[in-house]
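Asker: For what it's worth, our numbering labels the leading residue of the sequence shown as -3, then goes sequentially. Where a beta carbon is used, it is the ideal one built from N, C-alpha and C, also for glycine. Take a look at the following structure, please.
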Amino acid sequence: MGSSTPTSTIFLVLRRLRTPLIVLITIFAISVLGLTLVPGPSGPDGALPRLSFFHAVYFFSYTATTIGFGEIPYAFSEQQRLWVTVCIYLSVIGWAYTLGTVFAMLQDKNFLNAVAVQRFARQVKRLREHFFLVCGYGETGRLICQALDEMGYRAVVIERDEAKVGDLELQSYSADMPALCADAGQPDTLLFAGLTSKYCRGVITLTNDDNTNLAVAIAARLLAPSLPALCRAEHAETVANMASFGTRHIINPFEKFGEYMALALHSPAAYHLLLWLTGLPGTTVTRHRDPPGGRWVLCGYGTFGRVMTGALENAGLPVTIIDRAPPADPAHIWVKGDGTGHEALQAAGIHDAVGIVAATGHDVNNLSIVVTARQMNPGLFTVLRQNQVANRALFDAFESDFTMVPSEIVSHECLAILTTPLLAPFLDAVRKSDEPWACGLLDDLTGRFGWDVPAVWSVTLNLAQAPSVYRLLMRGATRPSLDELLRAPVTDRPALACRPLLLMRDGRRPSLLPAGHETLQLGDQILFVGTEQARKELGLTLFNGHTLQYVLTGKDSPGGLVWEWLARRRAG
């Protein structure tokens, strides 16, 4: 759909109604003129009075609109009644033509699109809170919007498929999410959606078309260079193109899962820690068994298959590949087939393998592969690619060791980057850590908070995010420590159910798992993990000076100017 402005919508209506309006005006003018010329009934003196222009306009106005007040200012002559009869039929024809044109216009797709764009643009302009621009409301977009809604953020959605836009309107989100059925690759569409609005916090492009995602990335880079843009890309050429003009966050679900798989092979505890920290709110992470060492079988050598082959071979694990059209590649062991039958799996040596990867683009085939393989070798470690979230019930029933869901991987990465920027450097440190460190941290955190996905948030000690602490540090009277700050504002001030994971301070290296005695400074950025209740209580402390005073000293200071003055007098 092309661009549409309020002026263009008005001109569209005028163009469609131009001829009917001309017809109505012509009929009205001729009728009024005739009424002023046709003689009326003769008076006592034999005169033949005629209607004035005002009376003619007045009479025909209520006659042509079928209201009907009678013949005024006097009873008409036969000639006038004949002329009025002709005018009535002419006006009926004119109104029928006009109404038919109006109804046809109301069913015209271009007109409906123009009206929808204007309604959407007004909704976006009325937003007075931060929102994220989501391009593409497929499975990934739906997960993103649900997670954003649970965290209290708004989303503005652009989706080309009208059925998916209708599905969004049926969802029970806590706040309205404006949605437009349009091509997100058009710059005008992005402008209507609030790309340059001061309330827009980021752009997430999740369509299944790499070219559209590329167009959105370019538009975001040129029109709103300060906004973070997260772009999905499944082809190496698109990734390189996006990177060439400075797109900061490019998410390839296949490459990302390959990294997860490599991490699970190298450090299973680090993998589970990453999975737990980046999960969708409200879900529970299940700890998988660790991938075994030995020979693997892979079915489907597409984009995902090539990534998984590289991850396994980089870990020193041999791979036998099953594909319908194996290339002439002596570097790998190939078996021709699709893996859904016993013959191909038998030829690939499934009985002696330790794991299997079902990597095709068809969910039913992937399930058939792993079910057949498990029947032949019950101890197999299975990695299963799930293309459609709608098939979750089938995949949950099988209980695969690893399930690769592209939409969930992309949504996890997007939420981690957009809502908690400090999480990315911490996860980089986790990936580079050794297994004992990651295992100890995982056991400690899951022992305190369980395996439900926790609340992960970051705080910057500045006037915007922590005004009470900012004012305290500006006075220079005291510098509280982390342990002193992380207490609940209730009786006995127990420790909050959270833990700092990372502290970043200008002029020094990032501090992983900062100690509780670490004193705070202005500008400190701290990453926390814990319960949602702890997050709310810490937020109250950071924003309310009286709460901060109570947390630090245990003294409940009075609120309000009068009570503070009385308290100072009593203390004096």
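Can you tell me whether Ser(-1) is helix, strand or coil according to DSSP?
Answerer: For the purposes of this step, residue -1 is taken as the residue at position 3 of the sequence shown. Its pLDDT being 46, under 50, Ser(-1) is placed unreliably in this model, and the value from its coordinates should be taken loosely. Here Ser(-1) sits in coil by DSSP.
Asker: Among Val9, Arg381, Ser193, His338, which has the Cα closest to the Cα of Arg118?
Answerer: The residue labelled residue 118 in the question sits at position 122 within the sequence shown. Minimum Cα distance to Arg118 is reached at Ser193.
Asker: Cα separation between Glu309 and His328?
Answerer: The residue labelled residue 309 in the question sits at position 313 within the sequence shown. The residue labelled residue 328 in the question sits at position 332 within the sequence shown. Rounded to whole angstroms, Glu309 to His328 spans 10 Å at the Cα level.
Asker: List in chain order: all unbroken alpha helix (DSSP H) runs of 4+ residues lying wholly within the region 270 to 331.
Answerer: You should have 299 to 310.
Asker: Please list the terminal residues of the continuous beta strand (DSSP E) segment that includes Arg175.
Answerer: On the sequence shown, residue 175 is found 179 positions in, with the first residue counted as 1. Position check: residue 175 holds Ala in this sequence, whereas Arg was assumed. It spans 175 to 177 - the beta strand (DSSP E) in which Ala175 sits, taken as one unbroken run.
Asker: Is Glu155 helix, strand or coil by DSSP?
Answerer: Taking the first residue of the sequence shown as 1, we reach residue 155 at position 159. Three-state result, Glu155: strand.
Asker: Touch check for the region 300 to 319 and the region 265 to 284: three-plus C-beta pairs under 8 Å?
Answerer: The region 300 to 319 vs the region 265 to 284: no contact.
Asker: Under the DSSP definition of a beta bridge, which residues are partnered with Ser507?
Answerer: Locating residue 507 in the sequence shown gives position 511, where the first residue counts as 1. Ser507 pairs with Leu499.
Asker: Taking C-alpha atoms, which residue in Pro287, Phe107, Gln114, Thr203 lies nearest to Ser396?
Answerer: Along the sequence shown, read from residue 1 onward, the residue named residue 396 stands at position 400. Ranking Pro287, Phe107, Gln114, Thr203 by Cα distance to Ser396 puts Pro287 first.
Asker: Which same chain residues end up closer than 8 Å to Asp145 when comparing Cβ atoms and leaving out the 5 residues on each side of it in sequence?
Answerer: Within the sequence shown, numbered from 1, the residue matching residue 145 stands at position 149. Around Asp145: Ala151, Tyr169, Ser170, Ala171, Met173.
Asker: So Cys177 and Ala112 are in contact, right, with Cβ under 8 Å, and what is the actual spacing, rounded?
Answerer: Along the sequence shown, read from residue 1 onward, the residue named residue 177 stands at position 181. Along the sequence shown, read from residue 1 onward, the residue named residue 112 stands at position 116. Going by Cβ atoms, the distance from Cys177 to Ala112 rounds to 7 Å, so yes, they are a contact pair.
Asker: Tell me, to the nearest whole angstrom, how far the beta carbon of Val53 is from that of Val28; I am working on the premise that it is less than 8 Å.
Answerer: Locating residue 53 in the sequence shown gives position 57, where the first residue counts as 1. Locating residue 28 in the sequence shown gives position 32, where the first residue counts as 1. The pair is a contact, with the Cβ atoms about 6 Å apart (cut-off 8 Å).
Asker: What are the start and end residues of the beta strand (DSSP E) that includes His542?
Answerer: The sequence position of residue 542 within the sequence shown is 546, counting from 1. Careful: His542 lies outside any beta strand (DSSP E), inside the alpha helix (DSSP H) at 541 to 549.
Asker: Can you check whether the CB of Gly132 is closer than 8 Å to the CB of Thr203?
Answerer: Stepping through the sequence shown from its first residue, residue 203 is reached at position 207. Stepping through the sequence shown from its first residue, residue 132 is reached at position 136. Contact: yes.
Asker: Any contact between the region 402 to 413 and the region 355 to 374? By contact I mean 3 or more CB pairs, one from each, below 8 Å.
Answerer: With a cut-off of 8 Å, the region 355 to 374 and the region 402 to 413 do not count as touching, because too few Cβ pairs lie within range.
Asker: State the DSSP-derived secondary structure class of Leu557, mapped to helix, strand or coil.
Answerer: Sequence index remark: in the sequence shown, residue 557 carries index 561 (1-based). Model confidence at Leu557 stands at a pLDDT of 48, short of 50, so the residue's coordinates are unreliable and nothing is read from them.
Asker: Helix, strand or coil for Met400 per DSSP?
Answerer: Numbered from its first residue, the sequence shown carries residue 400 at position 404. Strand at Met400.
Asker: Tell me the start and end of each unbroken beta strand (DSSP E) in the region 365 to 421 that is at least 3 residues and wholly inside, in chain order.
Answerer: Correct list: 377 to 381, 398 to 400.
Asker: What are the start and end residues of each continuous alpha helix (DSSP H) run of 4 or more residues lying completely inside the region 214 to 242, in chain order?
Answerer: 232 to 240, all fully within the region 214 to 242.
Asker: Suppose contacts are defined by Cβ-Cβ distances below 8 Å. Is Leu509 in contact with Leu497 by that definition?
Answerer: The residue given as residue 509 occupies position 513 in the sequence shown. The residue given as residue 497 occupies position 501 in the sequence shown. Yes, the Cβ-Cβ distance between Leu509 and Leu497 is below 8 Å.
Asker: Going by DSSP, which residues form a beta bridge with His347?
Answerer: As a working note, residue 347 is residue 351 in the sequence shown. Answer by DSSP bridge pairing: none, since His347 is not bridged.
Asker: When the distance is taken between beta carbons, is Pro476 closer than 8 Å to Leu516?
Answerer: Start at 1 with the first residue of the sequence shown, and residue 516 comes out as number 520. Start at 1 with the first residue of the sequence shown, and residue 476 comes out as number 480. Yes; because the gap between Cβ atoms is below 8 Å, this pair is in contact.
Asker: In whole angstroms, give me the CA-to-CA distance for Thr32 and Phe49.
Answerer: Locating residue 32 in the sequence shown gives position 36, where the first residue counts as 1. Locating residue 49 in the sequence shown gives position 53, where the first residue counts as 1. If you take the alpha carbons of Thr32 and Phe49, they lie about 6 Å apart.
Asker: In angstroms, rounded to a whole number, what distance separates the CA positions of Thr136 and Leu210?
Answerer: Translated into the one-based positions of the sequence shown, residue 136 becomes position 140. Translated into the one-based positions of the sequence shown, residue 210 becomes position 214. Cα to Cα, the separation comes out at about 17 Å.
Asker: Any Cβ of chain C within less than 8 Å of the Cβ of Arg427?
Answerer: Annotation note: the requested chain C is absent from the structure, which comprises a single protein chain.
Asker: With a Cβ-Cβ cutoff of 8 Å, do Met101 and Arg12 count as a contact?
Answerer: Taking the sequence shown and counting its residues from 1, one reaches residue 101 at position 105. Taking the sequence shown and counting its residues from 1, one reaches residue 12 at position 16. For Met101 and Arg12, yes; Cβs fall inside 8 Å.
Asker: Since Asp76 and Val34 are thought to touch, with beta carbons under 8 Å apart, how far apart are those beta carbons, to the nearest angstrom?
Answerer: Here the question's residue 76 lines up with position 80 in the sequence shown. Here the question's residue 34 lines up with position 38 in the sequence shown. In the sequence under discussion, the amino acid at residue 76 is Gln, which differs from the Asp named in the question. So it is a contact: roughly 5 Å between Cβ atoms.
Asker: Can you say whether Arg228 is buried or exposed, counting buried as having 16 or more other CB atoms within 10 angstroms of its CB?
Answerer: Here residue 228 refers to the residue found at position 232 of the sequence shown. By the neighbour-count rule (16 or more Cβ atoms within 10 Å), Arg228 is buried.
Asker: So, with DSSP's three-state summary, where would you put Arg46?
Answerer: Residue 46 sits at position 50 when you count from the first residue of the sequence shown. Note: Arg46 maps to coil in three-state DSSP.
Asker: Measure from the alpha carbon of Gly375 to the alpha carbon of each residue in Thr316, Ile352, Val360, then state which is nearest.
Answerer: Here residue 375 is taken as the residue at index 379 of the sequence shown, counted from 1. Cα-wise, what sits closest to Gly375 is Ile352.
Asker: Kindly indicate which three-state DSSP category Ile84 falls into: helix, strand or coil?
Answerer: Against the sequence shown, residue 84 aligns to sequence position 88. Three-state result, Ile84: helix.
Asker: In this structure, does DSSP put Ile68 in helix, strand or coil?
Answerer: One-based indexing of the sequence shown puts residue 68 at position 72. Residue state, collapsed to three classes: coil.
Asker: Is Asp448 helix, strand or coil when you go by DSSP?
Answerer: One-based indexing of the sequence shown puts residue 448 at position 452. Looking at Asp448 - three-state DSSP - the assignment turns out to be strand.
Asker: Under 6 Å Cβ to Cβ from Tyr58, same chain only, skipping five residues before and after it: list those, please.
Answerer: One-based indexing of the sequence shown puts residue 58 at position 62. Around Tyr58: Phe65.
Asker: Roughly how far, in whole angstroms, is the beta-carbon of Gly290 from the beta-carbon of Thr316, given that I think they are within contact range, below 8 Å?
Answerer: Along the sequence shown, read from residue 1 onward, the residue named residue 290 stands at position 294. Along the sequence shown, read from residue 1 onward, the residue named residue 316 stands at position 320. The Cβ separation is near 12 Å, so there is no contact.
Asker: On the DSSP letters alone, give me the boundaries of the alpha helix (DSSP H) that Thr62 sits inside.
Answerer: Locating residue 62 in the sequence shown gives position 66, where the first residue counts as 1. Per DSSP, Thr62 belongs to no alpha helix (DSSP H) and is neither H nor E.
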